[in-house]
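*Asks:* One structure is given below, represented as structure tokens, and several questions about it will come after.
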Amino acid sequence: MGPEESFRIRVKSGRKVLGTYYMSTERSSDSTVKDQPYKVPGKWRTCEVTIPTGKHVISVELVEKEKSVLTRFQEYK
């Protein structure tokens with residue numbers, strides 16, 4: 006990771022795209038990945054995705070296939 010990286014995340018419900026989110030992040034000066042010193046974490050970024058009422062299968066994909074990102078999901082009720 007250079008000093009700054011950007012990536013896009015696409016969120017779908019079935020075939021319908023709910024959103025494509027562009028994110029730009031920079032190196033974290035505080036965080037590390039235990040036992041993987043070659044991986045450099047970035048500072049955290051957030052986005053909110055509104056999911057329609059009912060049952061859905063949601064898929065999340067990284068648009069830039071050559072990159073990898075660590076994600077975390079939370080459901081708010």
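To convert, take the position in the sequence shown, counting from 1, and add 5; that gives the working numbering. No residue lacks a Cβ here, since even glycine has one placed at the ideal position from N, Cα and C. These numbers come from a predicted model, not from an experiment.
Looking at the secondary structure, which residues open and close the beta strand (DSSP E) in which I56 lies?
*Replies:* From DSSP, I56 is part of no beta strand (DSSP E); its letter is neither H nor E.
*Asks:* Give the range of the beta strand (DSSP E) segment to which E31 is assigned.
*Replies:* Unbroken beta strand (DSSP E) run through E31: 21 to 31.
*Asks:* Could you name the residues of the same chain whose beta carbon sits closer than 7 Å to that of L67, not counting the 5 residues immediately before and after it, in chain order?
*Replies:* So the list reads F12, I14, V74, once near-sequence residues are dropped.
*Asks:* List the endpoints of the continuous beta strand (DSSP E) containing R13.
*Replies:* Unbroken beta strand (DSSP E) run through R13: 9 to 18.
*Asks:* Grab the span of the beta strand (DSSP E) containing E66 for me, first residue to last.
*Replies:* Its beta strand (DSSP E) spans residues 63 to 67.
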